[in-house]
Amino acid sequence: DIVMTQTPLSSPVTLGQPASISCKSSESLVHSDGNTYLSWLQQRPGQPPRLLIYKISNRFSGVPDRFSGSGAGTDFTLKISRVEAEDVGVYYCMQATQFPTFGQGTRLEIK
Amino acid sequence: EVQLVQSGAEVKKPGESLKISCKGSGYTFTNYYIGWVRQMPGKGLEWMGIINPGDSDTRISPSFQGQVTISADKSITTAYLQWSSLKASDTAMYYCALYPGEYFQHWGQGTLVTVSS
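Respectively, the protein sequence lines represent chains A and B. Position in the first sequence counted from 1, then plus 72, gives you our numbering. Position in the second sequence counted from 1, then plus 1267, gives you our numbering.
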């Protein structure tokens, strides 16, 4: 199985300031079809997960443009340009290049 | 609007069987896989398996192989996750999600399963 490792596990951020979450995979996520199936999900307290970003950097429908994804190969990053109160929750990276696996989650909280 | 509506919370005893459901609407049910994801209390997300409702092609994670069965009834646009003999360690929130093959696109609201004697 591909192991996904996120850092940090907890991120206290001031409202209006940027936040960044790293996700590293144990092997390359480049699929034989040339695509990289790395996505990011947000789970607000008491809610189901919600897709934010797919294929590294594509924002899903309705996702604010303060969220952005980048990376390649085994190293990926989710950035929030200016954190808002509604961004509190746990963020997961997920790979689907092989059988899907998730990172362990990063808890975003407001300082 | 794409919707996945899951069945309600369940409380069961160890050794009992259970089948929970996930009804899809707002899209062509047979065109996309549906996946199941487990979230144990206070923990992260674990992929359990996926099913293609069109042809019932099913892939189950090695971690859950032999522990659960995934099925679907395309005539009523519903996918299922079932256990034949529950254990206390099956206590968790279970989510279904639409899986186009690259990511989990839309999620159900979750079904909380509690297994306790």
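For each residue, glycine too, the CB sits at the ideal point set by N, CA and C.
- Contact of residue 111/A with chain B by beta-carbon distance below 7 Å involves 1370.
- Looking at the DSSP output, residue 1278/B sits in a beta bridge with 1381/B.
- The shortest CA-to-CA distance from residue 116/A to any of 141/A, 167/A, 172/A, 157/A is the one to 157/A.
- By the 16-neighbour rule on beta-carbons within 10 angstroms, residue 1305/B is buried.
- Leaving aside the five residues that flank residue 1274/B on each side, the residues in its chain whose CB is nearer than 7 Å to its CB run, in chain order, 1287, 1288, 1378.
- Taking a C-beta distance under 7 Å as the contact criterion, residue 125/A and residue 112/A qualify as a contact pair.
- Within the same chain, 108 come within 6 Å of residue 102/A by CB-CB distance, once the 5 residues on both sides are set aside.
- Of the residues assessed, residue 1328/B falls on the buried side of the cut-off, its CB having 16 or more other CB atoms within 10 angstroms.
- When the beta-carbon positions are compared, residue 163/A and residue 146/A stay at least 7 Å from each other.
- Note: residue 116/A is not bridge-paired with any residue in the DSSP secondary-structure output.
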